[in-house]
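Peer 1: Quick mapping for you: the protein sequence lines, in order, are chains W and R.
Numbers 2 to 212, taken from the numbering used here, label the letters of the first sequence in order.
Numbers 2 to 212, taken from the numbering used here, label the letters of the second sequence in order.
Number of protein chains: 2
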Amino acid sequence: MLLTGEDIGALEKRYRGRFINAVTGVKSASLIGTKSKGGDENLALFSSVVHIGAHPPLIGFVMRPVHVERHTYKNIVSTGHYTINGVTDRMHERAHQTSAKYPAGTSEFEACGIEKVYLEKFSAPFCAESAVKIGCVLEDDIAIPANNTRLIVGRIVLLSVPGQYVHADGYVDLAAASVAAITGLDGYHSLNPVKRYSHAEPEKKLKQTFP
Amino acid sequence: MLLTGEDIGALEKRYRGRFINAVTGVKSASLIGTKSKGGDENLALFSSVVHIGAHPPLIGFVMRPVHVERHTYKNIVSTGHYTINGVTDRMHERAHQTSAKYPAGTSEFEACGIEKVYLEKFSAPFCAESAVKIGCVLEDDIAIPANNTRLIVGRIVLLSVPGQYVHADGYVDLAAASVAAITGLDGYHSLNPVKRYSHAEPEKKLKQTFP
């Protein structure tokens with residue numbers, strides 16, 4: 002299939018949504034946990050989490066237009082704190098269920114059967130089952146003019162990863178940790194074991210360094 | 002392992018880079034193709050491609066700080082055109098090699114053995130082997146204050162996907178298309194077959210819709 006921008010604009014709305022959400026490639030499956038100023042807990046699935054930088058440690062994700070009420074956005078902006086939790090193969094069905102439109106005041110932790118946990122004195126709730134648990138403070142809330150979405154950038158202030166999945170050089174083996182991938186709007190995959198390569202240099206053949 | 006922001010800041014630089022690049026979860030493996038105003042072709046690997054919107058069809062990726070010369074950025078800003086090409090399992094070793102620092106004027110297509118193709122009258126080169134080929138025009142070039150990276154947002158004006166991988170409802174089966182995933186800085190994975198779920202609604206049990 003070869004489509005122009007005009008062809009894409011003419012597609013049926015839901016077909017286009019599934020199609021365009023798939024072509025960007027494999028995506029992370031992350032649950033974002035927040036707590037409102039009034040104490041209501043919220044958990045929502047995002048497939049747009051992206052690495053922004055390591056020093057300082059920064060993570061971004063894309064928030065859809067906020068002219069309608071979005072509990073995750075409201076809680077992040079009002080409290081400055083949120084958690085990003087990696088979805089595993091055993092969690093993805095329950096994680097997908099958090100994308101249902103529950104009323105404000107309903108905790109998706111309870112409605113979807115995902116156990117919460119609080120770590121240290123961080124004010125937002127984490128997912129107990131997630132291998133990777135990240136506590137963020139809001140750093141930048143950036144408008145994307147092209148379609149009124151927003152890039153939310155957070156700085157990692159708390160990070161929990163089981164040591165058994167961390168290689169000696171800092172790499173985290175997400176396949177061994179059963180971390181799930183998303184494709185499109187509703188497709189979930191487990192990962193086959195990793196192949197790692199050496200740092201690339203011109204005129205030098207890459208080595209496979211793992212496994 | 003439980004680390005605070007201070008603990009992360011104290012990690013050895015390369016360890017920290019590998020570690021923080023891994024914790025955001027599974028990432029897309031994309032080759033971005035450009036051509037300079039002088040006609041030099043460039044191809045570079047990115048793991049930060051992210052869905053921004055379907056209508057209009059928008060894709061973003063994160064560009065590292067541009068105080069040093071970045072051929073991809075220079076070409077995108079000067080021509081307004083670039084391609085995003087999905088890396089497959091058979092390509093990822095050669096795709097990783099494009100991350101070596103080749104001098105300006107060296108085409109990574111040739112240096113890394115990746116065949117190029119031009120589609121319609123689009124001015125930037127595509128990767129012939131990529132199942133998903135996307136032609137973009139630059140829409141927004143947005144500064145991220147937290148660390149001087151940039152979010153580059155493009156609108157899809159040309160899109161090629163083999164029809165055999167497109168489900169009747171618009172979903173694209175990237176696992177069947179052998180599209181690769183990245184973890185961390187240098188880890189590559191193939192995907193296990195997809196499981197798809199129905200649209201989530203409160204008080205309604207999810208159905209598995211595929212396979």
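All C-beta atoms in this analysis are idealised placements derived from N, C-alpha and C, irrespective of residue type, glycine included.
How about the stretch 155-165 of chain R and the stretch 163-181 of chain W: do they share at least three Cβ pairs that are nearer than 8 Å?
Peer 2: No, they do not touch.
Peer 1: Does the beta-carbon of residue 8 (chain W) have 16 or more other beta-carbons within 10 angstroms, so that it is buried, or is it exposed?
Peer 2: Along the first sequence, read from residue 1 onward, the residue named residue 8 (chain W) stands at position 7. Classification for residue 8 (chain W): exposed.
Peer 1: Which residues in chain R have a C-beta closer than 7 Å to the C-beta of residue 81 (chain W)? List them in chain order.
Peer 2: In the first sequence, residue 81 (chain W) corresponds to position 80, counting from 1. Within chain R, no residue comes near residue 81 (chain W); the closest Cβ sits about 14 Å away, beyond 7 Å.
Peer 1: Could you tell me which residues DSSP puts in a beta bridge with residue 27 (chain W)?
Peer 2: Numbered from its first residue, the first sequence carries residue 27 (chain W) at position 26. DSSP output for residue 27 (chain W) lists no bridge partner at all.
Peer 1: Against chain R, with Cβ distances strictly below 8 Å, would residue 33 (chain W) count as a contact?
Peer 2: Numbered from 1 along the first sequence, position 32 holds the residue referred to as residue 33 (chain W). Closer than 8 Å: no.
Peer 1: Considering only the beta carbon of each residue, do residue 82 (chain R) and residue 138 (chain R) sit closer than 8 Å?
Peer 2: The residue given as residue 82 (chain R) occupies position 81 in the second sequence. The residue given as residue 138 (chain R) occupies position 137 in the second sequence. Contact flag set, yes.
Peer 1: Can you give me the start and stop residues for the beta strand (DSSP E) that residue 1 (chain W) sits inside?
Peer 2: One cannot answer for residue 1 (chain W) here, as it falls past the ends of chain W, which runs 2 to 212.
Peer 1: Residue 131 (chain W) and residue 86 (chain W): beta carbons closer than 8 Å?
Peer 2: Position 130 of the first sequence, counting from 1, holds the residue named residue 131 (chain W). Position 85 of the first sequence, counting from 1, holds the residue named residue 86 (chain W). One thing to note: residue 131 (chain W) has its Cβ within 8 Å of the Cβ of residue 86 (chain W).
Peer 1: Drop a sphere of 10 angstroms on the beta-carbon of residue 126 (chain R), count the other beta-carbons inside from all chains shown, and report buried for 16 or more, exposed for fewer.
Peer 2: Stepping through the second sequence from its first residue, residue 126 (chain R) is reached at position 125. Looking at its Cβ environment, which holds 16 or more other Cβ atoms inside 10 Å, residue 126 (chain R) is buried.
Peer 1: Check whether the Cβ atoms of residue 154 (chain W) and residue 61 (chain W) sit closer than 8 Å, and answer yes or no.
Peer 2: Translated into positions along the first sequence, residue 154 (chain W) becomes position 153. Translated into positions along the first sequence, residue 61 (chain W) becomes position 60. Taking 8 Å as the cut-off, the beta carbon of residue 154 (chain W) is found closer than this to the beta carbon of residue 61 (chain W).
Peer 1: Residue 197 (chain R) lies in the alpha helix (DSSP H); which residues open and close that run?
Peer 2: Counting from one through the second sequence, the residue named residue 197 (chain R) turns up at place 196. Here residue 197 (chain R) belongs to no alpha helix (DSSP H); instead the beta strand (DSSP E) covers 196-198.
Peer 1: So what's residue 166 (chain W) in DSSP terms, helix, strand or just coil?
Peer 2: Translated into the one-based positions of the first sequence, residue 166 (chain W) becomes position 165. Residue state, collapsed to three classes: helix.
Peer 1: Check for me: the beta strand (DSSP E) holding residue 190 (chain R) runs from which residue to which?
Peer 2: The residue you call residue 190 (chain R) lines up with position 189 of the second sequence. That run of the beta strand (DSSP E) goes 188-190.
Peer 1: For residue 174 (chain W) and residue 39 (chain R), what's the separation of their Cα atoms in angstroms?
Peer 2: On the first sequence, residue 174 (chain W) is found 173 positions in, with the first residue counted as 1. On the second sequence, residue 39 (chain R) is found 38 positions in, with the first residue counted as 1. Roughly 42 Å between the two C-alpha positions.
Peer 1: Using a Cβ-Cβ cut-off of less than 9 Å, give me the residues of the stretch 12-24 of chain W that come near chain R, in sequence order.
Peer 2: 12, 13, 14, 15, 16, 17, 18, 19, 20, 21, 22, 23 and 24
Peer 1: Considering only residues of the stretch 91-123 of chain R, which uninterrupted alpha helix (DSSP H) runs meet the minimum length of 4 residues and lie entirely inside it, listed in chain order?
Peer 2: DSSP runs (the alpha helix (DSSP H)) wholly in the stretch 91-123 of chain R: 93-98 and 109-112.
Peer 1: Please name the residues in the stretch 170-185 of chain W whose beta-carbon is closer than 7 Å to at least one beta-carbon of chain R, in chain order.
Peer 2: 170, 171, 172, 173, 175, 176, 180, 182, 184 and 185
Peer 1: Would you mind working out which of R:52, R:14, R:43 and R:142 sits nearest residue 102 (chain R), comparing C-alpha positions?
Peer 2: Reading the second sequence from its first residue, position 101 is the one you call residue 102 (chain R). It is R:43 whose Cα lies nearest to the Cα of residue 102 (chain R).
Peer 1: Check this for me: beta carbons of residue 63 (chain R) and residue 150 (chain R), under 8 Å apart or not?
Peer 2: Numbered from its first residue, the second sequence carries residue 63 (chain R) at position 62. Numbered from its first residue, the second sequence carries residue 150 (chain R) at position 149. Yes.
Peer 1: Report the residue from R:148, R:117, R:191 and R:69 whose alpha carbon sits nearest the alpha carbon of residue 178 (chain R).
Peer 2: Position 177 of the second sequence, counted from the first residue, corresponds to residue 178 (chain R). Closest option to residue 178 (chain R), Cα to Cα, is R:191.
Peer 1: Helix, strand or coil for residue 52 (chain W) per DSSP?
Peer 2: Sequence index remark: in the first sequence, residue 52 (chain W) carries index 51 (1-based). Strand at residue 52 (chain W).
Peer 1: Look up residue 42 (chain R) in the DSSP assignment and give the residues it is bridged to.
Peer 2: In the second sequence, the residue the question calls residue 42 (chain R) occupies position 41. Per DSSP, R:36.
Peer 1: Between the Cα of residue 211 (chain R) and those of W:74, W:211, W:200 and W:184, spot the shortest distance and give me the residue it belongs to.
Peer 2: Indexing the second sequence from 1 puts residue 211 (chain R) at position 210. Of W:74, W:211, W:200 and W:184, the smallest CA-CA separation from residue 211 (chain R) is found for W:184.
Peer 1: Rounded to the nearest angstrom, what separates residue 55 (chain W) and residue 195 (chain W) at their Cα positions?
Peer 2: Stepping through the first sequence from its first residue, residue 55 (chain W) is reached at position 54. Stepping through the first sequence from its first residue, residue 195 (chain W) is reached at position 194. Residue 55 (chain W) and residue 195 (chain W): Cα-Cα distance of roughly 22 Å.
Peer 1: Any Cβ of chain W within less than 8 Å of the Cβ of residue 111 (chain R)?
Peer 2: Here residue 111 (chain R) refers to the residue found at position 110 when the second sequence is read from its first residue. Not a single C-beta of chain W is nearer than 8 Å to the C-beta of residue 111 (chain R).
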